[in-house]
Amino acid sequence: MNLSKIWSNLLVMGSAAITLASCGGTSYAPLGEWEPMVWKTENNAKNGNNIPAAGGELTFICTNYYPWIENAESNGKHYLPQHEENSLPPHTLTTEWAKAEINGNKLKVTFDANETGMERQLTLEVTAGDIFDTFNFKQLAN
């Protein structure tokens, strides 16, 4: 093997190593530096909306992530999402009076009628890894 062939092979191997090193990492932001979730709404939904006593449904669309449900709290009681077979991460959470479902990037929250005579609150947390967002709802009473 002559000297020019050795240098040529070293140059190719060095270039390949540099290319692999520069592409080998992920394109994720460092921990704590992810962009906030951006939400669009359907049916005039707003985070923090007062939900009528009759119940209803709100739909939110995340434009920059495909989130999943982390947990919820309703009037001091904590809820974890259901882990459906062949469905990870979790996409459904049911409380005593509300249900949250995520399909792709669309979050739908459905509220039962409130016939308790008292307002009730729901805090729903969603995540997409190292980024979290919280939805707060207050349902009016009859």
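Residues in the sequence shown are numbered consecutively from 1132, following the working numbering. Every residue gets a Cβ at the ideal spot worked out from N, C-alpha and C, and that includes glycine.
Could you spell out the range, first to last residue, of the beta strand (DSSP E) harbouring Q1252? 1251–1258
Taking the beta strand (DSSP E) that Y1197 falls in, what are its first and last residues? First-last for Y1197: undefined, no H or E at that position.
Under 8 Å by Cβ, that's how I've got W1170 and I1192 pegged, so tell me the actual separation to the nearest angstrom. 7 Å
On the three-state DSSP scale, how would you describe L1189? strand
Do P1212 and T1223 have their beta-carbon atoms positioned less than 8 Å apart in this structure? yes
N1181 versus E1204, F1242, N1234, residue with shortest Cα-Cα distance: F1242
Just curious, the beta strand (DSSP E) that E1173 is in, first and last residue? 1170–1173
Quick one: residues in its chain with C-beta nearer than 6 Å to the C-beta of A1229, no 5 flanking neighbours on either side, listed in chain order? F1242, L1253
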